[in-house]
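Going down the list, the sequences are from chains A and B.
Read in order, the letters of the first sequence are residues 1 to 220 in the working numbering.
Read in order, the letters of the second sequence are residues 1001 to 1216 in the working numbering.
Think of the CB as a built atom: it goes at the ideal place given N, C-alpha and C, for glycine as much as any other residue.
The structure displayed is predicted, hence computed values, not measured ones.
The structure under discussion appears below in the form of structure tokens.
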Amino acid sequence: MSSSGRSVGASLDLHAVLRRDARFSLDVRLRAEPGVTWLLGPSGAGKTTLLRVVAGLERPDSGHLRVGDATWFGGDREVPVEARRVGFVPQSMALFPHMTARANIAFGADPTDPLAAERAAHRFRTTAFLDRMPRTLSGGEAQRVAIARAVARRPAVLLLDEPFSALDEELAAELAQEVVQYTEEEGIVTLCASHRHGVHAALPGARWVVRAGTLSALAS
Amino acid sequence: MPPLVLSFRIALFATLLAALVAIPLAHRGARRPGIAARIVGAVTTVPLVLPPTVLGYYLLTALGPGSTVGAAFERIFGAPIAFTELGAVLAAALTALPAVFQASRAAFDEVDPSVLEVARTLGVRPLRVFYSIELPLARAGIVAGVVLGFARALGDFGATMMIAGNIPGRTRTASIAIYDAMQSGDGAEANRLALWLTGIGFACLFALGSLSRRRR
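Take a look at the structure:
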């Protein structure tokens, strides 16, 4: 396994300090064990920034990020975005608009596993609309494709930014359940930012609240 | 070679050259905006605001027989740049450059940055992101710039005349032939060529309009 590779059962240890401007700064310490960690809190509190720091899309001013034995950030070391085994689903989903759902899922699929894309497509039940273009998909279908695309990479850490925000209660609960199941079966860390507490209140996982750029554990 | 055919050939090579220079520069400018990108943007667009004779003058000064580059080129390839078809291609490329650059830059600017970020998190190499994501998403804008650049290159007069002269069959393009025909009192020939150039220009703009309609 490479230092930035996939490590099943690995925990995530993050300390990130980031001062962007006078209005926004982030100072978080988070230890996440395999399973889903729910990040709650209002919009603009720093949930998205935290996920982006883990993905490598934002560089903290100081701190460290370790996944299992591998250091992704800290000291002199910084593993580039491309080499971190993350599956990232932004709030906008950011599907490639000129590709079918199938091509979206296959685009970054693990090259060492020829069945990774197909499994991901099945796992998140996208097979009925694989040949459709993103603009023709409903919110729920598009979200499933975005998550399938992220997991086809077989990530060590799955990062979901408000994946249920555009879905109705029933669809959101169903998808949240599937995310939990997938995470547990794969033994990976999933960080899921979600302000819709009701959708996943009954599901297992640690709960943290992000407020004004700081993080505090929420008693279950 | 008849002036119209020559014009067409020169404009084709010139547009290709302009695209090869402008598209990578536009892409870099869109991804790394800053002072360097602004300078590149101004330099590639300045032919739009300069009189074509000034462009031709610069080309002649930089690449003419008396210049270091021009002399070195002639030593290596056994032929000069000035007063050849190559000179005409360079002049036309310079006039096509602003349209290709500006349209491509706008097209790359419009690509959703979160799509590119996701592509990076998928571990895909930058070159593949460029070919598979950025280029297809910016394609319509780039094509529009290339078509406009081609139309502009096809009609160049001043810059071509300065660097390439007016050699029948070799550098006498349709625009120059119109001037010649008027000078020699051949109104019918001038009229024929002018109508052709107008028709081609109209066809380019019509194609552009159809393209943008299809995009919507």
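The alpha helix (DSSP H) enclosing residue i, as first and last residue numbers
i: B/His1217; result: This structure leaves residue 1217 of chain B out entirely; chain B is present only between 1001 and 1216.
i: A/Ser25; result: Note, A/Ser25: premise wrong, no alpha helix (DSSP H); beta strand (DSSP E) at Ser25 to Ala32.
i: A/Ser92; result: Per DSSP, A/Ser92 belongs to no alpha helix (DSSP H) and is neither H nor E.
i: A/Thr183; result: Glu169 to Glu186
i: A/His122; result: Ala116 to Arg123
i: B/Arg1038; result: Ile1035 to Thr1045
i: B/Asp1180; result: Ala1174 to Gln1183
i: A/Thr112; result: Unbroken run through A/Thr112: none, as it is neither H nor E.
i: A/Arg149; result: Gly139 to Ala152
i: B/Val1069; result: Thr1068 to Phe1077
i: A/Leu130; result: Premise fails: A/Leu130 is in no alpha helix (DSSP H) and is neither H nor E.
i: B/Leu1059; result: Pro1052 to Leu1063
i: A/Val53; result: Lys47 to Ala55
Whole-angstrom distance between residue j and residue i, CA atom to CA atom
i: B/Ile1163; j: B/Ala1203; result: 28 Å
i: B/Ala1030; j: A/Leu203; result: 43 Å
i: B/Glu1189; j: B/Trp1196; result: 11 Å
i: B/Leu1097; j: B/Leu1211; result: 21 Å
i: B/Ile1176; j: B/Arg1028; result: 36 Å
i: B/Asn1191; j: B/Tyr1179; result: 11 Å
i: A/Leu159; j: B/Val1118; result: 11 Å
i: B/Ser1007; j: A/Thr126; result: 53 Å
i: B/Phe1013; j: B/Val1143; result: 16 Å
i: A/Ser220; j: A/Gly63; result: With a pLDDT of 47 at A/Ser220, under the threshold of 50, the modelled position of that residue is not reliable, and the figure given next carries that caveat. Cα to Cα, the separation comes out at about 28 Å.
i: A/Asp69; j: A/Glu78; result: 14 Å
i: A/Phe88; j: B/Leu1116; result: 12 Å
i: A/Pro60; j: A/Leu14; result: 11 Å
i: B/Ala970; j: B/Pro1080; result: The structure shown has nothing for residue 970 of chain B, since chain B only spans 1001 to 1216.
i: A/Val199; j: B/Ile1035; result: 47 Å
i: A/Ile188; j: B/Gly1123; result: 18 Å
i: A/Leu115; j: A/Ala16; result: 36 Å
i: B/Glu1074; j: B/Pro1065; result: 8 Å
i: A/Tyr182; j: A/Arg132; result: 24 Å
i: B/Leu1004; j: B/Phe1206; result: 20 Å
i: A/Arg211; j: A/Asp110; result: 35 Å
i: B/Pro1033; j: B/Ala1106; result: 12 Å
i: A/His122; j: A/Leu12; result: 27 Å
i: B/Leu1193; j: B/Ala1174; result: 6 Å
i: B/Ala1138; j: B/Val1021; result: 16 Å
i: A/Leu171; j: B/Val1146; result: 46 Å
i: B/Ser1049; j: B/Thr1095; result: The question names Ser, but residue 1049 of chain B is Val in the sequence shown. Each residue's Cα considered, the two are about 10 Å apart.
Closer than 9 Å to chain A by CB, residue i
i: B/Leu1137; result: yes
i: B/Leu1127; result: no
i: B/Thr1121; result: yes
i: B/Ile1133; result: yes
i: B/Leu1208; result: no
i: B/Asp1112; result: yes
i: B/Gly1041; result: no
i: B/Val950; result: Past the edges of chain B, shown from 1001 to 1216, lies residue 950 of chain B, and the structure says nothing about it.
i: B/Val1143; result: no
i: B/Val1227; result: Past the edges of chain B, shown from 1001 to 1216, lies residue 1227 of chain B, and the structure says nothing about it.
i: B/Val1115; result: yes
Proximity test, Cβ basis, 9 Å: residue i and chain B
i: A/Glu184; result: no
i: A/Gly87; result: yes
i: A/Ser3; result: Note on A/Ser3: pLDDT 43, under 50, position unreliable in the model; the coordinate value appears next. It does not; no Cβ of chain B falls within 9 Å.
i: A/Ala55; result: yes
i: A/Gly46; result: no
i: A/Arg227; result: Nothing can be reported for residue 227 of chain A, as the shown portion of chain A is limited to 1 through 220.
i: A/Gly108; result: yes
i: A/Leu160; result: no
i: A/Leu65; result: no
i: A/Ser92; result: yes
i: A/Arg153; result: yes
Boundaries of the beta strand (DSSP E) in which residue i is found, first to last residue
i: A/Val210; result: Ala206 to Arg211
i: A/Val199; result: Looking at the DSSP string, A/Val199 is not in any beta strand (DSSP E); the run it does join, the alpha helix (DSSP H), is His197 to His200.
i: A/Phe73; result: Ala70 to Gly74
i: A/Asp13; result: Leu12 to Arg19
i: A/Val189; result: Val189 to Ala193
i: A/Val157; result: Val157 to Asp161
i: A/Val36; result: Gly35 to Leu40
i: A/Arg84; result: No beta strand (DSSP E) holds A/Arg84; DSSP gives it neither H nor E.
8 Å contact criterion, which residue i and residue j should meet: CB distance rounded
i: A/Gly205; j: A/Thr37; result: 6 Å
i: A/Ile105; j: A/Ala148; result: 5 Å
i: B/Arg1152; j: B/Ala1099; result: 6 Å
i: B/Ile1167; j: B/Phe1083; result: 6 Å
Distance cut-off 8 Å: residue i Cβ against heavy atoms of the ligand SAH
i: A/Leu12; result: The model on display carries no ligand, and the ligand SAH is accordingly not part of it.
List in chain order: all unbroken alpha helix (DSSP H) runs of 4+ residues lying wholly within the segment 1091 to 1157 of chain B.
-> Here the runs fully enclosed are 1113 to 1121, 1126 to 1129 and 1135 to 1154.
At 3 residues or longer, and completely inside the segment 1183 to 1207 of chain B: list those beta strand (DSSP E) runs for me, N to C.
-> Complete beta strand (DSSP E) runs here, min 3: none at all.
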